[in-house]
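Visitor:
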Amino acid sequence: MKCDVAIVGGGPAGASAAFELAKAGLSSVIIERNLSNAKPCGGAIPLGLVEEFEIPPELVERKVTEMAVRSPKGRYVQMSMKQGYVGMVRRERFDKFLRTRAAENGVSLIESKLRRVKKLADGYKLSIDADSQGVTEIECKYLIAADGANSKVALELEFPPNELKAVAIQQRFHYSPALEKWNNLVEIWFDSEVSPDFYAWVFPKADHIAVGTGTENKNAHIKKLQNRFREKLGIEAEPYYEEAAKLPMHPRKTFVQGNAMLVGDAAGLVTPSNGEGIFFAMKSGKMAAETLIDFTRGKAKSLSLYEKNFRKNYNLIFTALSVMQAIYYRNDRMREGFVAICKDEHVQQITFDSYLYKKLVPAPLWVQMKITAKNIYHTALGR
Ligand SMILES: Cc1cc2nc3c(=O)[nH]c(=O)nc-3n(C[C@H](O)[C@H](O)[C@H](O)COP(=O)(O)OP(=O)(O)OC[C@H]3O[C@@H](n4cnc5c(N)ncnc54)[C@H](O)[C@@H]3O)c2cc1C
C-alpha cells in the first residue's frame, strides 16, 4: 500500500494532525494498534483547547471551576476560577471522537501495530501486523510519529531519546455518598508522602472520580504512593478501574528528521509541574500538519519549521514550569510555602490565565514585588 502521509498513533496528536491534513485536501493514513484504546489519563483539558479544536459540549462531562490545593501539613487553599473552566473528558470517548472526525473528512484508519520503519530514498517503508485487509507494508513519503511516550518510530529512526519519563497511575471510583464532595472539585495534593517530586490529584467525572499520582523518582514505588494517597483521602472503596503510563515531561532534543516529524508524547511534550499533555499533543499535531501542508505547496522551505515554531511558542512555558517544579516540589518545606502562596488572588489569576490559553501573562510590577515578598516569606520559613 502507498500513501502520501502515514501517521502512526491515533491519539490526540495523530488524530489532530490527520484532521488538519484532511481539511487541506492531503490524503493520510492513521495506523493505530487499538482503535478502542483508552489511554491512561486524567482527561483534564483547558477551555482554550475546547475552543480551538471545537470539542463538542457533550464530550466535556464536567466544567470544573472549583479547585483546591493541599500542603504536606494539611493547609487547604480552595479557589474559584472566574475566567473559564477545566474541562473533564474521558479518553476512550475523546480519542474516538477525534479519530472519527478525521475519518469523516477522508482519513483512512488502519488498526494495526507498527513493527519496523525503513528509510527509503524518498520516504519510508513501514512494516505492520497484518490489518483486516491483510496489508503488512505501507510506503509513505512523509511520516508523522504520534505513537506516544515509547515511540517506536523515534526508536527505529534513532531520534535522540525521550529522557526522564515520569510514571503516573490513576484509579477510578464510582460516586458514593462519601465521594460526593469531589463531584465538582479538582483537588491537588503536594505532599512527599503521596508524590516525592510531583503531585497527586482527584478529578471529577460524570459518574466517577479519578484519583492518581505521579513521580519521576525511579526508586519510588508508585502503587505504594497511590495506596497512601487513597488512605489519606479516606477512600475505603475499591477502584473499578486502574490505569498507568509514562509521562514524558522533557521535550526531545530534535522533533524533525528528514521527512519524519514527532508530535505529542512521542516528542516529549508534556509540561513539567502539571503533567499536561493533551493540549500540547493536539497543538503539535496541528502545527506539524500545517508545516507539511505549506511544505508541499512550496510555502515552507523545510519541515523543521514545525519544531522551530513550536519551540518559539512554548519553550518559555516548558522552561518556566520546569524551574517551578525543580524549586517548589523539591521538599515539603518548599511545598508548604508553595501552597501558602496559592492563597494570593493574583497568583491564582496568573496561574489560571496561563493555563486556560497557554500564554504566560506578565503581572504588573507591584504584583510581582508582592508575590516575590510572599515567596521569600513562605518558602524561607516553610509557613
Ligand atoms: C495517568 C496519567 C494522567 C494524565 N492526565 C492528564 C491530564 O489530565 N491532562 C492532560 O492534558 N494530560 C494528561 N496526561 C498526559 C496525556 O495523557 C498525554 O500527554 C497524551 O495522551 C498525549 O497524546 P498523544 O496523542 O501524543 O499520545 P497517546 O495518547 O499516548 O497516543 C498514542 C497512540 O499511539 C498508539 N500506538 C503506540 N504505539 C503504536 C504502534 N507501535 N503502532 C500503532 N499504534 C501505536 C497508541 O495505541 C495510542 O493510541 C496524563 C498521563 C497519564 C499517564
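Under this note's numbering, think of the first position of the sequence shown as 2, with each following residue one higher. Yeah, the Cβ is synthetic: ideal placement off N, Cα and C, and Gly gets one too. All values reported here derive from a predicted model rather than from experimental measurement.
1) State the CB to CB distance for the pair M262 and I145, rounded to an integer number of angstroms; the pair is presumed to be in contact (CB under 8 Å).
2) Assuming I342 is part of the alpha helix (DSSP H), what are its boundary residues?
3) At a cut-off of 7 Å, would you count C4 as near ligand 1, judging by its Cβ distance to the nearest heavy atom?
4) Would the beta-carbon of Q84 fall within 8 Å of that of F353?
5) Taking C-alpha atoms, which residue in A211, Q350, D295 and I279 lies nearest to Q172?
6) What are the boundary residues of the beta strand (DSSP E) that P13 is part of?
7) For E52, which of M283, D266, A207 and G269 has the nearest alpha-carbon?
8) Quick one: using the 10 Å Cβ neighbour count with 16 as the cut-off for buried, is E21 buried or exposed?
9) Exposed or buried, what is E164 when buried is set at 16 or more other beta-carbons lying within 10 Å of its beta-carbon?
10) Quick one: grab the DSSP three-state call for H222.
11) Identify, in the order they occur along the chain, each residue of the same chain with its Cβ nearer than 7 Å to the Cβ of V398, setting aside the five sequence neighbours on each side.
12) Can you name, in chain order, every residue of its own chain whose Cβ lies under 6 Å from the Cβ of V9, other than the five neighbours on each side?
13) Taking 7 Å as the cut-off, is the CB of L293 close to at least one heavy atom of ligand 1?
14) With the cut-off set at 8 Å, would you say G213 and A221 are in Cβ contact?
15) Under the DSSP definition of a beta bridge, which residues are partnered with F385?
16) Return yes when the Cβ of G265 is within less than 8 Å of the Cβ of G215, no when it is not.
17) Which one of Y356, V348 and E337 has the shortest CA to CA distance from P73?
18) Report yes or no: do three or more beta-carbon pairs, one from the segment 12–30 and one from the segment 96–116, lie closer than 8 Å?
19) Going by DSSP, name the residue or residues bridged to M68.
20) Closest to A207 by CA distance: which of E59, A19, A7 and C4 is it?
21) Three-state secondary structure (DSSP) at E244?
22) Would the beta-carbon of V168 fall within 8 Å of that of A245?
23) Going by beta carbon distance, what residues of the same chain come within less than 6 Å of K247, once the five residues before and after it are set aside?
24) Pick out the complete beta strand (DSSP E) segments inside the segment 236–285, 3 residues or longer, and give them in chain order.
25) Is the Cβ-Cβ distance between E157 and R117 less than 8 Å?
26) Expressed to the nearest angstrom, what Euclidean distance is found between the alpha-carbon atoms of M250 and F319?
27) In whole angstroms, what separates the C-alpha of S29 from that of K287?
28) Is there at least one non-hydrogen atom of ligand 1 closer than 7 Å to the beta-carbon of G49?
29) Using alpha carbons as the reference points, say which of K119, I351, Y358 and H209 lies closest to M80.
30) Rounding to the nearest angstrom, what Cα-Cα distance links K225 and R231 in this structure?
31) Considering only residues of the segment 70–144, which uninterrupted alpha helix (DSSP H) runs meet the minimum length of 4 residues and lie entirely inside it, listed in chain order?
32) Indicate, with yes or no, if ligand 1 has a heavy atom lying under 7 Å from the CB of I46.
33) Quick one: Cα of F191 to Cα of E346, how far?
34) Looking only at DSSP bridge pairs, what is G215 linked to?
35) Tell me which same chain residues have a C-beta within less than 8 Å of the C-beta of N260, skipping the five on either side of it?
Guide: To lay it out plainly:
1) With 8 Å as the limit, M262 and I145 qualify as a contact, their Cβ atoms being about 5 Å apart.
2) Unbroken alpha helix (DSSP H) run through I342: D333 to I342.
3) no
4) yes
5) A211
6) Not the beta strand (DSSP E): P13 falls in the alpha helix (DSSP H), residues P13 to K24.
7) Checked all of M283, D266, A207 and G269; the closest Cα to E52 is M283.
8) With 16 or more Cβ atoms within 10 Å of its Cβ, E21 is classed as buried.
9) exposed
10) coil
11) Within the shown structure, residues of the chain are numbered from 2 to 384, placing residue 398 beyond reach of any answer.
12) Counting only residues of its own chain and dropping the five nearest sequence neighbours on each side, V9 has a CB closer than 6 Å to the CB of I32, L115, A146, D148 and V154.
13) no
14) no
15) As shown, the chain starts at 2 and ends at 384. That puts residue 385 outside it, with no answer to give.
16) It is not a contact, given that the beta carbons lie outside the stated cut-off.
17) E337
18) yes
19) M80 and V187
20) E59
21) strand
22) yes
23) Only A150, K166 and V168 meet the Cβ criterion.
24) 242–249 and 261–263
25) It is a contact, given that the beta carbons lie within the stated cut-off.
26) 9 Å
27) Linking S29 to K287 through their CA atoms gives a straight-line distance of about 14 Å.
28) no
29) Relative to the Cα of M80, the nearest Cα in the group K119, I351, Y358 and H209 belongs to I351.
30) The alpha-carbon separation between K225 and R231 amounts to approximately 10 Å.
31) 92–105
32) Taking 7 Å as the cut-off, one finds at least one heavy atom of ligand 1 near enough to the beta carbon of I46.
33) One Cα belongs to F191, the other to E346, and the distance between them is close to 19 Å.
34) A169
35) G124, Y125, K142, Y143, L144 and L304
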